[in-house]
Ligand SMILES: [Zn+2]
Ligand SMILES: [Zn+2]
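Below, the structure written as structure tokens:
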């Protein structure tokens with residue numbers, strides 16, 4: 001086995017846990033790569049998990065002012081290692097990389113699975129045709145979580161080529177698929193949370209369609 005990110009050979013670890021758990025997950029990442037990711041720890045923004053914020057961050061304050069409160073949680077900061085990970089996963093299409101954070105995502109979202117309907121942020125059909133997979137459902141599949149893939153995204157210009165202002169203004173158009181069984185409590189799942197604009201757009205959509213409580217999660221913030 002080689003590390004999925006840097007290709008260095010993985011040292012198989014024989015631990016008691018691995019010996020008694022036959023279903024134990026194969027290691028996919030070397031310790032050197034693993035250490036480069038920054039798990040979010042306090043202090044962070046209480047409503048969106050942006051790190052190094054003792055109080056509500058500027059993004060959340062902006063949403064609050066528009067009477068659009070934020071209720072988001074996240075696992076890792078969007079540092080260089082995370083940027084590199086998503087670049088490799090999304091843009092070079094290395095689908096195996098969906099599983100690197102499977103256990104962490106499962107641990108974070110499993111408690112919500114019963115009470116909340118997990119809804120992944122969709123990609124447009126054009127992006128799907130280029131990439132071959134939705135990176136968010138990839139993460140959820142790897143984590144073994146049940147979700148409802150009931151949103152559709154209209155094709156617009158590539159988000160990553162826009163600056164912050166353009167992203168905030170640029171209308172991302174989503175739809176709820178007809179005949180979808182939308183539940184009262186919804187947990188929107190995304191890969192990266194930047195300004196919160198995507199989540200807010202979807203949140204307003206599902207609230208208008210009858211959801212009563214909407215919270216959100218992303219692997220990176
Ligand atoms: Zn590595
Ligand atoms: Zn915040």
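Residue numbers (UniProt numbering): 1 to 221.
For every residue, glycine included, the Cβ atom is placed at its ideal position computed from N, Cα and C.
The beta carbon of residue 212 sits no closer than 7 Å to any heavy atom of ligand 2. Leaving aside the five residues that flank residue 189 on each side, the residues in its chain whose CB is nearer than 8 Å to its CB run, in chain order, 109, 118, 119, 120, 121, 136, 139, 140, 147, 216, 217, 218. DSSP places residue 176 in the uninterrupted beta strand (DSSP E) bounded by 174-176.
For residue 72, the secondary structure class from DSSP, reduced to helix, strand or coil, is strand. With at least 16 other beta carbons inside 10 angstroms of its own, residue 134 counts as buried.
Ligand 1 never approaches residue 80 closely enough for any of its heavy atoms to be under 7 Å from the residue's Cβ. Rounded to the nearest angstrom, the gap between the Cα atoms of residue 204 and residue 66 is 12 Å. One residue list follows from the rule of a beta carbon closer than 5 Å to any heavy atom of ligand 1, given in chain order as 3, 5, 6, 30, 33. Within the same chain, Cβ atoms closer than 8 Å to the Cβ of residue 184 are found at 210, 211, 212, 213, the five residues on either side in sequence being excluded.
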